[in-house]
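Chains A and B are the protein sequences, given in the same order.
Residue numbering for the first sequence follows this note's numbering, beginning at 12 and increasing consecutively.
Residue numbering for the second sequence follows this note's numbering, beginning at 41 and increasing consecutively.
Cβ coordinates follow ideal geometry from the N, Cα and C atoms, glycine included.
Predicted, not measured: the structure shown is a model, and the values here were computed from it.
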Amino acid sequence: MAIESHNVSKRFGEFVALEDISLRVADGALTALLGPSGSGKSTLLRIIAGLETPDTGHVEIDGRDVTATPARSRGVGFVFQHYAPFKHMTVHDNVAFGLTVRKQPKDRTRARVRELLHLVRLDGLAERYPSQLSGGQLQRMALARALAPQPQVLLLDEPFGALDAQVRGELREWLRRLHEEISVTTIFVTHDQEEAMEVAQQIVVMNAGRIEQTGSPRELYESPHNEFVMSFIGPVNNFNGALLRPHDIQILPYPDDGAVEALIGRIVHLGFEVRVELTLKDGDAVWAQVTRERAQEMELEEGQILAVRIPPPRVFA
Amino acid sequence: MSSSGVLSVGPAQASPASRRGDGYAESRRVEQRARAGRLGVRVLALGYLAVLLLLPVLMVFYRTFEHGLGPVWSAITRPNAVHAFWLSIELVAIAVPLNTVFGIGAALLLERGRFRGRGLLGMLIDVPFAISPVVVGLALVLVYGNNGWLGGPLQEAGFQVIFSVPGMVLATAFVSLPFVARETIPVLRELGAEAEQAAATLGASAWQTFWRVTLPAIRWGVVYGVVLTTARALGEFGAVSIVSGRLEGQTQTLPLYVQDRFENFDTTGAYSAAVVLALLALGTLVAMNLLTRRTRAAQSQMTRDRSSRTTPERSSDAERQPVAPGEATP
Numbered sequence: 012m013a014i015e016s017h018n019v020s021k022r023f024g025e026f027v028a029l030e031d032i033s034l035r036v037a038d039g040a041l042t043a044l045l046g047p048s049g050s051g052k053s054t055l056l057r058i059i060a061g062l063e064t065p066d067t068g069h070v071e072i073d074g075r076d077v078t079a080t081p082a083r084s085r086g087v088g089f090v091f092q093h094y095a096p097f098k099h100m101t102v103h104d105n106v107a108f109g110l111t112v113r114k115q116p117k118d119r120t121r122a123r124v125r126e127l128l129h130l131v132r133l134d135g136l137a138e139r140y141p142s143q144l145s146g147g148q149l150q151r152m153a154l155a156r157a158l159a160p161q162p163q164v165l166l167l168d169e170p171f172g173a174l175d176a177q178v179r180g181e182l183r184e185w186l187r188r189l190h191e192e193i194s195v196t197t198i199f200v201t202h203d204q205e206e207a208m209e210v211a212q213q214i215v216v217m218n219a220g221r222i223e224q225t226g227s228p229r230e231l232y233e234s235p236h237n238e239f240v241m242s243f244i245g246p247v248n249n250f251n252g253a254l255l256r257p258h259d260i261q262i263l264p265y266p267d268d269g270a271v272e273a274l275i276g277r278i279v280h281l282g283f284e285v286r287v288e289l290t291l292k293d294g295d296a297v298w299a300q301v302t303r304e305r306a307q308e309m310e311l312e313e314g315q316i317l318a319v320r321i322p323p324p325r326v327f328a
Numbered sequence: 041m042s043s044s045g046v047l048s049v050g051p052a053q054a055s056p057a058s059r060r061g062d063g064y065a066e067s068r069r070v071e072q073r074a075r076a077g078r079l080g081v082r083v084l085a086l087g088y089l090a091v092l093l094l095l096p097v098l099m100v101f102y103r104t105f106e107h108g109l110g111p112v113w114s115a116i117t118r119p120n121a122v123h124a125f126w127l128s129i130e131l132v133a134i135a136v137p138l139n140t141v142f143g144i145g146a147a148l149l150l151e152r153g154r155f156r157g158r159g160l161l162g163m164l165i166d167v168p169f170a171i172s173p174v175v176v177g178l179a180l181v182l183v184y185g186n187n188g189w190l191g192g193p194l195q196e197a198g199f200q201v202i203f204s205v206p207g208m209v210l211a212t213a214f215v216s217l218p219f220v221a222r223e224t225i226p227v228l229r230e231l232g233a234e235a236e237q238a239a240a241t242l243g244a245s246a247w248q249t250f251w252r253v254t255l256p257a258i259r260w261g262v263v264y265g266v267v268l269t270t271a272r273a274l275g276e277f278g279a280v281s282i283v284s285g286r287l288e289g290q291t292q293t294l295p296l297y298v299q300d301r302f303e304n305f306d307t308t309g310a311y312s313a314a315v316v317l318a319l320l321a322l323g324t325l326v327a328m329n330l331l332t333r334r335t336r337a338a339q340s341q342m343t344r345d346r347s348s349r350t351t352p353e354r355s356s357d358a359e360r361q362p363v364a365p366g367e368a369t370p
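Structure, rendered in structure tokens:
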């Protein structure tokens, strides 16, 4: 189901959380709302879910204006950052909640819960309590619970924020595959650009209550509309007030026309990628990104003086 | 610099044995002083409690059973005593449920609601803590008495408030009003609104959310509040004393009966009824203590939940040993 917001604004006292947000998320898409904290991304998600009311504007789900519809009638599955488990209920009862409040027959509920627990790989944990689960398991329980009433839309607020790096990596991959399997329109909120790039088909970059740019991960990386998007998506060098991608800085084996003399300050080996920190002749500091092979080939060393070619910086309208 | 270093080392080097002795004696002295301090505080606290609480209560028990069980039994089975006992129970049975419903409602309004006058409601709830029960009694007489604002019309409608049970229920409910709300509010705050919002997105109505999600999570706070309300309602003297008119065998609660017997030099009657009252109160206290212990256990489990969530998981999260199976069962 497509989700649309039209001119949505929201203030909390003096603080402007959202300003005139218009957004369209296509049916079945997997979209990330990406931005720094305080950019309004969670507020937008909560407005779509019906957990907050916009001051102005309206929200449509599947072409239907739901601005005045309470959260419980929107057909939206919501996964909270801290999972919001019902602590006094077993995993089974947590997942079954959305079905029991709709008075579904017991045997059908039971079958559906079993199916969902299998989908989120929690088979055999149905009788445990939330306090007996790890963070990653709680996360998946919350997801199964949100999916149980077969929502038209799935919303996730910082779904991997409270997990450690390894579990987060596993769950990202798994969420993407799950989305392919059940293809429900999904929006998730994140402040981690890598997470957004890896999981989402479409990214909405937000800043200070506004949408800066919407596009595929590749579009955002290759043609950012402004400096904010460029510096938020992917690494950048700030050179004479302009932004440069580190992999656009060329290290040359010999001096050349238009090249600048530079001193290697530090070399950081990050596996395949090697980060070369440089001080240019006029004192500016930049860093260049090269592959491991290239660094070996050129026999780069700390303290070495060589030449670099700086490409013309990107100019934003 | 080096000379001062030598100087400071000097005396110690002169007699290492004495230094060790000094140090040892010094640390012993410090420890003794600390122990004496701890002991002093303990004696002071227990002494204070003994003089203020334990001794008087024990004396009541002692004086009551001085001449054996016989006189006590006949004193507490007197019709007026039995009537006072049941009247007290009746007041508790009406006032406590009323205040429980109000207390939970007020706590939810204060913690979850967004409306003007929230601060005022929070303050009003505490009024019974601040105002002397005697004042409460007088105020109720002013409003509900025969010449009172509401009392006159009610009287004409054949409904007697002052000098009868309704007025006593009002007085009892008034003085025991804050407990449930005050015990429930911190639990609600601690709980946060997320679980309730999750229930809403899952399709639960407000009513379903309350019964299935909120109430189970706050139940120990509510129960604790109910116990305190009961104890307070049972023991109320001042407000009820004024509102009731203290009619023997009609509007005399157990505390009023004790006072009445005492004033009439019927010490056996007074002490016997006092013991019944004390036992009722002690019973509530014991219940409260047992419940507090359970609440603490539940709370420590909640903290465990939180820490298990924030601690990064090292291994793949699929395997983690469960806690002892019984522990999570509510």
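Test item: CB-CB of residue i and residue j under 9 Å
i, j, result
"B:M208", "B:L294", "no"
"B:G185", "B:I202", "yes"
"A:Q150", "A:Y94", "yes"
"A:L128", "A:A153", "no"
"A:L255", "A:R325", "yes"
"B:S204", "A:V112", "no"
"B:P168", "B:P218", "yes"
"A:L62", "A:T225", "no"
"B:A213", "B:A133", "no"
"B:S312", "B:I116", "yes"
"B:A279", "B:V215", "yes"
"A:V287", "A:I316", "no"
"B:L274", "B:T332", "no"
"A:I198", "A:I14", "yes"
"A:R237", "A:F327", "Residue identity check: residue 237 of chain A is Asn in the sequence provided, not Arg. Yes, the Cβ-Cβ distance between A:N237 and A:F327 is below 9 Å."
"A:R303", "A:G282", "yes"
Integer Cβ distance of residue i from residue j, believed to fall under 8 Å
i, j, result
"A:S50", "A:N218", "5 Å"
"B:A238", "A:F91", "6 Å"
"B:E373", "B:A211", "Summary: the structure shown does not reach residue 373 of chain B, with chain B confined to residues 41 through 370, and so no result is reported for it."
"A:M12", "A:V124", "Not quite, the Cβ-Cβ distance comes to about 24 Å (not below 8 Å), so this is no contact."
"B:G265", "B:G143", "6 Å"
"A:V178", "A:G220", "The pair is not a contact, with the Cβ atoms about 32 Å apart (cut-off 8 Å)."
"A:L158", "A:V200", "Actually they are not in contact, since the Cβ atoms of A:L158 and A:V200 sit about 18 Å apart, beyond 8 Å."
"A:N105", "A:P96", "6 Å"
"A:T204", "A:I244", "In the sequence under discussion, the amino acid at residue 204 of chain A is Gln, which differs from the Thr named in the question. Rounded, the Cβ-Cβ distance is 5 Å, consistent with contact."
"A:A318", "A:D267", "6 Å"
"A:H69", "A:T80", "Not really, about 11 Å apart at Cβ, beyond 8 Å."
"A:I361", "A:R83", "This structure leaves residue 361 of chain A out entirely; chain A is present only between 12 and 328."
Three-state secondary structure assigned by DSSP to residue i
i, result
"A:K292", "coil"
"A:T101", "coil"
"B:W189", "coil"
"B:L228", "helix"
"B:S348", "Because the pLDDT at B:S348 is just 46, under 50, the model does not fix this residue reliably, and the value given afterwards should be weighed accordingly. B:S348 falls in the helix class under three-state DSSP."
"B:T249", "helix"
"A:F283", "coil"
"A:T114", "As written in the sequence, residue 114 of chain A is Lys, which differs from the Thr given in the question. Reduced to three states, the DSSP call for A:K114 is coil."
"B:E223", "helix"
"B:L127", "helix"
"A:A299", "strand"
"A:A318", "strand"
"A:R22", "strand"
"A:S16", "strand"
"A:E310", "coil"
Near-chain B residues of the segment 97 to 131 of chain A - C-beta to any C-beta below 7 Å: F97, K98, H99, F108, G109, V112 and R113
Any alpha helix (DSSP H) of 4 or more consecutive residues that is wholly inside the segment 165 to 226 of chain A: 176 to 193 and 204 to 210
Contacting positions in the segment 276 to 307 of chain B - beta carbon closer than 7 Å to chain A: none
Completely contained alpha helix (DSSP H) runs for the segment 281 to 332 of chain B, where each covers 4 or more residues: 294 to 303
Start-end ranges of the beta strand (DSSP E) lying completely within the segment 24 to 67 of chain A, minimum 3 residues: 26 to 36 and 41 to 45
Under 9 Å (Cβ pairs) to chain B, residues found in the segment 50 to 78 of chain A: R57, A60, G61 and L62
Segments assigned beta strand (DSSP E), at least 3 residues, entirely inside the segment 124 to 156 of chain A: none
Chain A contacts from the segment 246 to 260 of chain B (Cβ-Cβ distance under 7 Å): Q248, V253, P256 and A257
Proximal residues, the segment 14 to 37 of chain A versus chain B, C-beta separation under 9 Å: none
Residues, ordered as in the chain, of the segment 274 to 299 of chain A that lie near chain B by beta-carbon distance below 8 Å: none
Interfacial residues, the segment 156 to 175 of chain A to chain B, with Cβ spacing under 9 Å: R156, A157, A159, P160, P162, L166, A173, L174 and D175
Against chain B: residues of the segment 196 to 213 of chain A by CB proximity under 7 Å: none
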